[in-house]
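Going by full-length UniProt numbering, the first residue of the sequence shown is number 1, and it counts up by one from there.
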Amino acid sequence: MNGPRRRVMLLVDADNVSVDVVQQAVDLVMQRHGAIHVRRAYCTPETALKHLKLFKSLSMRPMVNLSMGKNCTDIALAIDAIDLVNAERPDVVVIVSSDSDFAPLVLRLREKGCRVEGIGQVGK
């Protein structure tokens with residue numbers, strides 16, 4: 001990492017990527033930026049229980065969505081991203097998902113002055 005330390009947020013669509021991708025994403029972001037200030041995994045209760053050990057080991061806060069409708073987790077991630085950007089003022093937001101539904105969110109975060117990076121899973 002070169003230059004001043006950036007404030008980095010990592011937001012994971014944990015229902016949409018494998019645990020290997022989550023681990024690789026954390027490693028990659030740490031390598032690129034040196035630190036992650038906010039780590040959140042958006043998921044159903046089942047995913048949270050299944051991956052609780054991983055989330056703890058990565059210091060990642062599970063954001064459990066109790067609604068079961070289509071795209072509920074994606075919507076929760078998007079709303080939280082906007083709220084966090086307004087409150088935390090990060091320099092970089094990394095979204096981990098294999099879902100292309102986040103394009104409008106990316107545009108909005110860029111309008112707010114954030115660099116946005118995406119990490120996805122091959123073949124999904």
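For each residue, glycine too, the CB sits at the ideal point set by N, CA and C.
For residue j and residue i, the rounded distance between their alpha carbons
{"i": "Ala35", "j": "Val92", "result": "11 Å"}
{"i": "Ser18", "j": "Gln24", "result": "10 Å"}
{"i": "Cys43", "j": "Asn65", "result": "6 Å"}
Residue i vs residue j beta-carbon contact at 8 Å
{"i": "Asp78", "j": "Phe102", "result": "The sequence given here places Ala at residue 78; Asp does not occur at that position. Yes. Within cutoff."}
{"i": "Ser97", "j": "Gly123", "result": "no"}
{"i": "Ala41", "j": "Met60", "result": "yes"}
6 Å CB neighbourhood of residue i in its chain, flanking five on each side removed
{"i": "Val29", "result": "Leu10, Ile36 and Val94"}
{"i": "Leu54", "result": "Val19"}
Cross-strand partners of residue i (DSSP beta bridge)
{"i": "Ile95", "result": "Leu11 and Gly118"}
{"i": "Val38", "result": "Met9"}
Cutoff 7 Å; reference residue i; Cβ partners in own chain excluding five residues on either side
{"i": "Met1", "result": "Low confidence applies here, because Met1 scores a pLDDT of 49, under 50, leaving its location unreliable and the question unanswered by this model."}
Sequence-distant residues of the same chain with beta carbon closer than 8 Å to residue i, five excluded per side
{"i": "Leu52", "result": "Pro62"}
Exercise. Which ranges would you report for the beta strand (DSSP E) in the region 40-67 if only whole runs of at least 3 residues count?
Worked result: DSSP runs (the beta strand (DSSP E)) wholly in the region 40-67: 61-64.
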